[in-house]
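Going letter by letter, the sequence shown gives residues -8 to 216 in my numbering.
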Amino acid sequence: MITAEQKPMEEIRRMIAPYPRILVLGCGSCVAECAAGGEKETATLASALRMAARMEDKDVQIDEKTIDRQCVTEFVIRLDDIMDQYDAVLSLGCGAGVQAVADMYPEVPIIPGLNTEFLGETKEQGYWAETCVGCGDCMLYHFGGICPLTRCAKQILNGPCGGSVDGRCEVNPDTPCAWQMIIDRLTAFQALDRLEAIYPPKDWSKKQGRGPREIIREDQQRGNP
């Protein structure tokens, strides 16, 4: 999932300062899971902004609303009936959500309230870890389900650097050595021979070397059986 963290309150207040009518817009998907932009966080932030405005005796309208997903058009269009009531929207969606809402309503400033961080997994409550860089050419089969691009500090594709100690990363001893994990996993699968291949440098054109990426599935589009 996509993870994010709320921007500092000072930065948020500075960005929304010119606008008298503001909608704080939450998102009920990824950023809700990582406790950054769901309904609860949206309500908390809106309340804090209203309180700050009252303390400074500012006449500001700050409302709140959470939709299921800010990055999906069919959910965003549900804002059609209320967008003309606001001078700006403070989005608590990821970067994709902010841009999706901005594309739908180009006449209204859409202000990011979060810093989008990484693709990761929920390890436990309150703990999220980066596990994927979205390279566009997944090689997890070759490395036993461990991504060296994400989990190796040096992003090495052809064997360990030799600097790890007791299975800990040379760069950050608090982090397990990704290559030790890869070797252990492939050994358990009796698939260590996969590492005999030489993997060429990553073709980053499959990531963003040609601009923003798209996925088009005609079988999923409306009107197709």
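We put the beta carbon where it would ideally sit given N, CA and C, even for glycine.
Whose C-beta lies closer than 7 Å to the C-beta of residue i among residues of the same chain, with five residues either side of it excluded?
i      : result
Met74  : Tyr96, Val99
Asn163 : Ala144
Phe66  : Ile58, Asp59, Arg60
Under the rule that 16 or more other beta-carbon atoms within 10 Å means buried, what is residue i, buried or exposed?
i      : result
Ile68  : exposed
Ser82  : buried
Gly154 : exposed
Ala169 : buried
Gly84  : buried
Tyr132 : exposed
Arg234 : With the chain covering only -8 through 216, there is no way to say anything about residue 234.
Name the residue from the options whose alpha carbon lies nearest to the alpha carbon of residue i.
i       : options                      : result
Ile(-7) : Pro191, Ala39, Leu105, Gln52 : Leu105
Val89   : Leu16, Gln211, Phe180, Lys49 : Leu16
Lys193  : Ile174, Ile147, Cys152       : Ile147
Phe134  : Glu1, Ala43, Arg185, Thr64   : Arg185
Met0    : Val22, Glu32, Ala23          : Glu32
Confirm, please, whether the CB-CB distance from residue j to residue i is below 8 Å.
i       : j      : result
Cys123  : Ala87  : no
Ile53   : Ala37  : yes
Ala(-5) : Glu108 : yes
Asp72   : Ile13  : no
Met172  : Ile137 : yes
Asn149  : Ile174 : no
Met42   : Ile102 : no
Thr166  : Arg159 : yes
Ala232  : Glu55  : Nothing about residue 232 can be read from this structure; the chain reaches only from -8 to 216.
Starting from the C-beta of residue i, find all residues in its chain whose C-beta is less than 6 Å away, skip the five residues before and the five after it, and write them out in chain order.
i      : result
Glu161 : Gly154, Ser155
Lys114 : Ala120
Val51  : Pro11, Ala44
To which residues of the same chain is residue i closer than 8 Å at the C-beta, ignoring the five residues directly before and after it?
i     : result
Ala39 : Met0
Are the stretch -5 to 5 and the stretch 25 to 35 in contact at 8 Å, needing three or more beta carbon pairs? yes
- Task: Kindly confirm or deny that the stretch 113 to 127 and the stretch 186 to 205 touch, where touching means at least three C-beta pairs closer than 8 Å.
- Result: yes
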